[in-house]
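In this text, residue positions in the sequence shown follow UniProt numbering: the first is 1, and each later residue adds one. Just so you know, even glycine gets a beta-carbon here, dropped at the ideal spot from N, CA and C. Note that this is a predicted model, so its numbers are computed, not measured.
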Amino acid sequence: MILKFKDSALTDDEDFDYILSSDINIDGDTAIKFFKEAQNDNFDLLIIKCRPDGLKNFSNFILRLSLSIKSRYLIGCINVYSKSAYKFIKDSGNSIINDRVNALNINIDILKNNFKVGYSSVDIGNKARIGLKDYVYLILKRGTILRYSIIGLSGIAVNEGFLFLLHPYLGNILSIIPAIEISIIYNFFMNNRFTFNGHGMFLKRLFKYNIFNLIGYGVNLLIYYFAIFENVSIYIADLLGIIVAFIITYSTASFLVW
Numbered sequence: 001m002i003l004k005f006k007d008s009a010l011t012d013d014e015d016f017d018y019i020l021s022s023d024i025n026i027d028g029d030t031a032i033k034f035f036k037e038a039q040n041d042n043f044d045l046l047i048i049k050c051r052p053d054g055l056k057n058f059s060n061f062i063l064r065l066s067l068s069i070k071s072r073y074l075i076g077c078i079n080v081y082s083k084s085a086y087k088f089i090k091d092s093g094n095s096i097i098n099d100r101v102n103a104l105n106i107n108i109d110i111l112k113n114n115f116k117v118g119y120s121s122v123d124i125g126n127k128a129r130i131g132l133k134d135y136v137y138l139i140l141k142r143g144t145i146l147r148y149s150i151i152g153l154s155g156i157a158v159n160e161g162f163l164f165l166l167h168p169y170l171g172n173i174l175s176i177i178p179a180i181e182i183s184i185i186y187n188f189f190m191n192n193r194f195t196f197n198g199h200g201m202f203l204k205r206l207f208k209y210n211i212f213n214l215i216g217y218g219v220n221l222l223i224y225y226f227a228i229f230e231n232v233s234i235y236i237a238d239l240l241g242i243i244v245a246f247i248i249t250y251s252t253a254s255f256l257v258w
């Protein structure tokens, strides 16, 4: 259902202040309540959540992480848009329809363009109708995790290459240090250009990226040595360390660096 709001009342006119899109039926009083909430706080988008289950909450977090969006959630069973946000949607070639995947894409665009967004909830026992395959598709299509992973793999090659070049001069212990730092700087430049499209505060981001990656490497080594102490295969130990380090470095890069 789609409802419009102007001058504290519902309207059918094209001249409206806010427009609501919902894939559940709600009464007029409930709609007006959400309209006024958006109006009072001057929100361009008010996302009203309807109790998604735990797995969908986790999927929503992974999608937020992949998109570097810090909002509490991206999709609601009800979405209220200001007239300016609605114009942005129309100008982008989209339309408001009662489909949560479409609404999710629209909300992502609005969040990425720095409109003012608010959050609310309604307890109607309605679970999210976005399937896990939709989340996976959006993460791969619009997210950064795939590009980050590819650059990370190329960074391993850079690390190994410089380790090979420096080993004859610095030995086993010291050669790894510049090799790691060079690979970190390489990964930063590549992610800054192709993954996160960074701009401004370049040196500050580079410093934070170094710190968080060194933390990731430290955790990697701790897990590796602990697993070895527990008589785990060195290859499994290394893989476990890499996975945990990847989670740390990607999460911090997505939310704290860029």
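Check each candidate in the options and name the one with the smallest Cα separation from residue i.
i    : options                  : result
Y18  : D41, E160 and S121       : D41
S59  : L104, I89 and I78        : L104
S183 : A237, N210 and K90       : N210
Y86  : S66, D109 and V101       : D109
L240 : F229, N79, I248 and N220 : N220
Report back the beta-carbon spacing between residue i and residue j to the nearest angstrom; my notes put them in contact at under 8 Å.
i    : j    : result
L3   : L20  : 5 Å
I48  : I75  : Rounded, the Cβ-Cβ distance is 10 Å, inconsistent with contact.
Y250 : Y148 : 6 Å
S120 : E37  : 6 Å
S68  : F255 : 7 Å
F34  : V80  : 5 Å
S66  : I173 : About 37 Å; that fails the 8 Å criterion.
May I ask you to report which of helix, strand or coil DSSP gives residue i?
i    : result
I2   : strand
I151 : helix
T11  : strand
I97  : coil
I24  : coil
R205 : helix
V158 : helix
L74  : coil
S233 : coil
S254 : helix
Could you pull out every residue in the same chain whose Cβ sits closer than 6 Å to the Cβ of residue i, ignoring the five residues on either side in sequence?
i    : result
I96  : S21
K208 : V257
Where DSSP assigns a beta bridge to residue i, which residues make up the other side?
i           : result
L45         : Y81 and V117
residue 276 : With the chain covering only 1 through 258, there is no way to say anything about residue 276.
Quick one: residues in its chain with C-beta nearer than 7 Å to the C-beta of residue i, no 5 flanking neighbours on either side, listed in chain order?
i   : result
G28 : L10
For residue i, is the beta carbon positioned less than 7 Å from some heavy atom of the ligand ATP?
i    : result
F226 : In the structure on display, the ligand ATP does not appear, and there are no ligands present to speak of.
Return no unless some Cβ of chain C is closer than 8 Å to the Cβ of residue i.
i    : result
L153 : No chain C is present in this structure, which holds just one protein chain.
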